[in-house]
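Asker: In the working numbering, the protein residues as written are -3 to 278.
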């Protein structure tokens, strides 16, 4: 009855205030270094200090329960881009850890792969302090971020450096990631930025396709429409899914090609599906 007495304008004001109260329960912690000083290693220490940072998005800082966690790697061809929280993944009942990593050409393979693993290791060690559940850590990313996702999930050597098994991940969701050796790595070997992403196709230790005989966490592969995606991107992911399902016999492998979407627009249905998976497995 009291709400009715407020009238239409009062209802609008009340709704605005309530929305503001709900939004205020969010928390964002920015620019946390994920390498300790003693683990900085060799290479350009100044650049590592500049790029090797992460942000944490907490959907509700008032909750007492530990929430699932999604580590998110941005795209940009391993040579550009920056950490961010995808809008479709916010306020979905899980924390998001958005990661910056070193970029080519200032960094070289495997620097960005080691950074991806180091950020995941930091998350395992520290996320409980921010309300996250270290037993429910997922990893995802789009484009180059999808490539990093697949590599750290499938090649156990990267996380093993931090005494973490790749199977400790609750799941991996590469979105339109390259499953052969990434074209930027090939360009680095040539000493050029050119040459195109698929000339030549290489499958070596820096290709997710090379690691299908490993024990793996649950894998969810997302790509766009075969007529609209980058050339060979759909076929690479389909081949990876087939190799994991048949020869290696992995238990959880799901592959989705979303009709009518291209390399960019596939992110929307992929993110909707991955958030559903995380929510159903809380």
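No residue lacks a Cβ here, since even glycine has one placed at the ideal position from N, Cα and C.
Going along the chain, which residues of its own chain have a beta-carbon closer than 6 Å to the beta-carbon of residue 203, five neighbours each way excluded?
Answerer: Result list for residue 203: 176 and 177, in chain order.
Asker: Using 8 Å for Cβ pairs, my map puts residue 66 next to residue 274. What's the rounded Cβ distance?
Answerer: Indeed, because the Cβ distance is near 7 Å, the residues count as touching under 8 Å.
Asker: Taking C-beta to C-beta, are residue 100 and residue 74 nearer than 8 Å?
Answerer: Yes, the Cβ-Cβ distance between residue 100 and residue 74 is below 8 Å.
Asker: Beta carbon of residue 79, beta carbon of residue 55: below 8 Å?
Answerer: Contact: no.
Asker: Helix, strand or coil for residue 23 per DSSP?
Answerer: Three-state result, residue 23: strand.
Asker: Considering only the beta carbon of each residue, do residue 270 and residue 236 sit closer than 8 Å?
Answerer: Contact flag unset, no.
Asker: Measure the alpha-carbon distance for residue 257 versus residue 50 and round it to whole angstroms.
Answerer: So the two alpha carbons sit approximately 29 Å from each other.
Asker: The alpha helix (DSSP H) with residue 132 in it runs from where to where?
Answerer: Counting along the chain, residue 132 falls outside any alpha helix (DSSP H), though it belongs to the beta strand (DSSP E) covering 128 to 138.
Asker: Among 52, 248, 220 and 249, which has the Cα closest to the Cα of residue 115?
Answerer: Among 52, 248, 220 and 249, the Cα nearest to that of residue 115 belongs to 52.
Asker: Rounded to the nearest angstrom, what separates residue 232 and residue 251 at their Cα positions?
Answerer: Distance between the alpha carbons of residue 232 and residue 251: 11 Å.
Asker: Would residue 140 and residue 187 qualify as a contact pair, given that the criterion is a beta-carbon distance under 8 Å?
Answerer: Their beta carbons are not under 8 Å apart, which means residue 140 does not touch residue 187 by this criterion.
Asker: Closest to residue 60 by C-alpha separation, out of 102, 132, 126 and 48, would be which residue?
Answerer: That would be 126, whose Cα lies nearest to the Cα of residue 60.
Asker: Name the residue from 103, 107, 118 and 77 whose alpha carbon lies nearest to the alpha carbon of residue 93.
Answerer: Of the listed residues, the one whose Cα sits closest to residue 93 is 118.
Asker: Along the chain, which unbroken stretches of the beta strand (DSSP E) at least 3 residues long are found entirely within the stretch 192 to 248?
Answerer: Here the runs fully enclosed are 215 to 219.
Asker: Whole angstroms is fine: what's the gap from residue 210's alpha carbon to residue 105's?
Answerer: Near 21 Å, if we compare the C-alpha coordinates of residue 105 and residue 210.
Asker: So what does DSSP say about residue 167, is it helix, strand or coil?
Answerer: In the structure shown, residue 167 sits in a strand (DSSP, three-state: E or B).
Asker: When you compare only the Cα positions, how much space is there between residue 40 and residue 113?
Answerer: Going from the Cα of residue 40 to the Cα of residue 113 covers about 18 Å.
Asker: Who are the Cβ neighbours of residue 254 in its own chain at under 8 Å, not counting the five residues just before and after it?
Answerer: Excluding positions up to five away in sequence, the list reads 218, 219, 220, 221, 262, 265 and 266.
Asker: Measuring only the C-alpha atoms, how far is residue 289 from residue 196?
Answerer: A question about residue 289 goes unanswered here, because the residues of the chain that appear run from -3 up to 278.
Asker: State the start and end residues of the unbroken alpha helix (DSSP H) segment that holds residue 281.
Answerer: Residue 281 falls outside the range modelled here, since the chain spans only -3 to 278, and no answer is possible.
Asker: Is the shortest distance between the beta-carbon of residue 179 and the beta-carbons of chain D less than 8 Å?
Answerer: Of the protein chains in the structure, only one exists, and it is not chain D.
Asker: Here's a check: name, in chain order, each residue in its chain whose Cβ is nearer than 7 Å to the Cβ of residue 111, leaving out the five neighbours to either side.
Answerer: Here the set comprises 48, 97 and 98.
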